């Protein structure tokens, strides 16, 4: 627990990115995308049971937020001096440069391969992508990364990166409260902000669908939970290690049920499944899985298997590029190849592009952030092993 970098967390991030990939792959199928369609037995099984965990994309994003809160908190909890300017230089360069390249590629791909959203056999989600013309508004939104705009038009994952960057700007302030105050008070404030943020978002979004500022207060809760778990990780892990194998099995099963709560617990009830409630339940589940990955050697050993661990290393690029590859291959080959073959081609391409992006864009971005952070801020205790974001 003395090391600030916990390697298996990278692997968890990689598995979460893979879940988001499967989520978008399945979302091109109308019956799996729509709210309450007529489903075949197999479709019902993978959609409205805990098996949904394998393509629970929204829940995986909650995992990213909680994990980011956890790993970003570790340097602040180490007792070392963290200069804000150094923190932000690392954070911006780590997230922004790979993001900017992916945005440029997605816009270029849309202009080159978009066929007009005229594939009626596929879902509304697929046909609505790439159907907007690029504008100055998009340019400003993409360039700043924190302003409100229709950020999912050219790449459906960008909305979460906007939220990530916004929270990153105020994360040191969040850590001030996490470190100085009892976790119960911090959680009470975070939950209050979540309720207010979600309520204001619900009201304003129906007036202006591009306004997503208030929902950031809701997602701040997930980062807060991750930071609190990081602060108390030692007693939490020590307690978890005392559990029997049966209790651990039951705990993991409950965590999976929490993560997929919106899909198996009376899924047609709009009252029970407000977005806020669903994401609260997902947050509980992912916290348990996060703790299990740290506390139990069996989880850790599986997560550190070389291919899984490498998937974690390229997870940010995989998150950025998988939807672009999918949209390209579907637009080009839908009437020539069956959907499973298109999925396979998109998956292989996504992994290859992500690997290249990791080595030639992400690693230089990390090194550049470390260099300028050291040169400009020069804190007394430089943290050389700054954690990677989701």
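Numbering (the UniProt record's numbering), first residue to last: 1 to 390.
Idealized CB from N, CA, C, for every residue including glycine.
From a predicted model like this one, the values you see are computed outputs, not experimental measurements.
What is the rounded straight-line gap between the Cα of residue i and the Cα of residue j?
i: residue 180; j: residue 186; result: 10 Å
i: residue 299; j: residue 114; result: 42 Å
i: residue 278; j: residue 284; result: 10 Å
i: residue 245; j: residue 30; result: 41 Å
i: residue 383; j: residue 80; result: Annotation note: pLDDT 46 at residue 383 (below 50); position unreliable, no value reported.
i: residue 370; j: residue 167; result: 21 Å
i: residue 7; j: residue 119; result: 43 Å
i: residue 138; j: residue 102; result: 14 Å
i: residue 268; j: residue 83; result: 48 Å
i: residue 335; j: residue 148; result: 36 Å
i: residue 151; j: residue 28; result: 19 Å
i: residue 144; j: residue 91; result: 14 Å
i: residue 170; j: residue 215; result: 15 Å
i: residue 35; j: residue 248; result: 34 Å
i: residue 341; j: residue 45; result: 23 Å
i: residue 373; j: residue 193; result: 32 Å
i: residue 197; j: residue 189; result: 12 Å
i: residue 39; j: residue 352; result: 34 Å
i: residue 15; j: residue 165; result: 22 Å
i: residue 379; j: residue 87; result: Its pLDDT being 49, under 50, residue 379 is placed unreliably in this model, and the coordinates cannot settle the point.
i: residue 376; j: residue 368; result: 12 Å
i: residue 135; j: residue 42; result: 42 Å
i: residue 408; j: residue 178; result: No answer is possible for residue 408: it lies beyond the span of the chain, which begins at 1 and ends at 390.
i: residue 173; j: residue 308; result: 34 Å
i: residue 85; j: residue 235; result: 32 Å
i: residue 100; j: residue 159; result: 14 Å
i: residue 133; j: residue 301; result: 48 Å
i: residue 259; j: residue 155; result: 24 Å
i: residue 141; j: residue 104; result: 13 Å
i: residue 78; j: residue 238; result: 19 Å
i: residue 321; j: residue 363; result: 17 Å
i: residue 2; j: residue 232; result: Reliability fails at residue 2, whose pLDDT of 45 lies under 50, so the model's placement of it is uncertain and the value that follows must be treated cautiously. Roughly 13 Å separates the two Cα atoms.
i: residue 96; j: residue 276; result: 28 Å
Residue i and residue j look like a contact to me (Cβ under 8 Å); what is the Cβ gap, rounded to whole Å?
i: residue 67; j: residue 13; result: 6 Å
i: residue 323; j: residue 73; result: Incorrect: roughly 29 Å between the Cβ atoms, too far for contact.
i: residue 263; j: residue 47; result: 7 Å
i: residue 11; j: residue 303; result: 4 Å
i: residue 9; j: residue 355; result: Actually they do not touch by this definition, with Cβ atoms about 20 Å apart.
i: residue 219; j: residue 163; result: 5 Å
i: residue 117; j: residue 128; result: 7 Å
i: residue 112; j: residue 350; result: Wrong, their Cβ atoms sit about 18 Å apart, outside the cutoff.
i: residue 157; j: residue 319; result: 6 Å
i: residue 55; j: residue 327; result: Not quite, the Cβ-Cβ distance comes to about 17 Å (not below 8 Å), so this is no contact.
i: residue 282; j: residue 59; result: 4 Å
Would a C-beta distance cut-off of 8 Å place residue i and residue j closer than the cut-off?
i: residue 288; j: residue 325; result: no
i: residue 98; j: residue 365; result: yes
i: residue 64; j: residue 290; result: no
i: residue 416; j: residue 25; result: Because the chain is modelled from 1 through 390, residue 416 falls outside the range shown and cannot be assessed.
i: residue 227; j: residue 175; result: yes
i: residue 62; j: residue 286; result: yes
i: residue 348; j: residue 126; result: no
i: residue 161; j: residue 191; result: no
i: residue 241; j: residue 295; result: yes
i: residue 57; j: residue 19; result: yes
i: residue 123; j: residue 33; result: yes
The alpha helix (DSSP H) with residue i in it runs from where to where?
i: residue 5; result: Premise fails: residue 5 is in no alpha helix (DSSP H) and is neither H nor E.
i: residue 163; result: 158 to 180
i: residue 422; result: This structure cannot speak to residue 422, because the chain is shown only from 1 to 390.
i: residue 349; result: 339 to 357
i: residue 183; result: 183 to 205
i: residue 238; result: 233 to 241
i: residue 83; result: Where residue 83 is concerned, there is no enclosing alpha helix (DSSP H), given that its DSSP letter is neither H nor E.
i: residue 322; result: 315 to 333
i: residue 38; result: Careful: residue 38 lies outside any alpha helix (DSSP H) and carries neither H nor E.
i: residue 70; result: 57 to 77
i: residue 276; result: 275 to 295
i: residue 367; result: 363 to 376
i: residue 253; result: 245 to 259
i: residue 141; result: 136 to 144
i: residue 126; result: 124 to 127
Does the stretch 351 to 363 come close enough to the stretch 309 to 323 to have 3 or more Cβ pairs within less than 8 Å?
yes
Answer yes if the stretch 49 to 59 comes into contact with the stretch 258 to 274, meaning at least three C-beta pairs across the two stretches below 8 Å, and no otherwise.
yes
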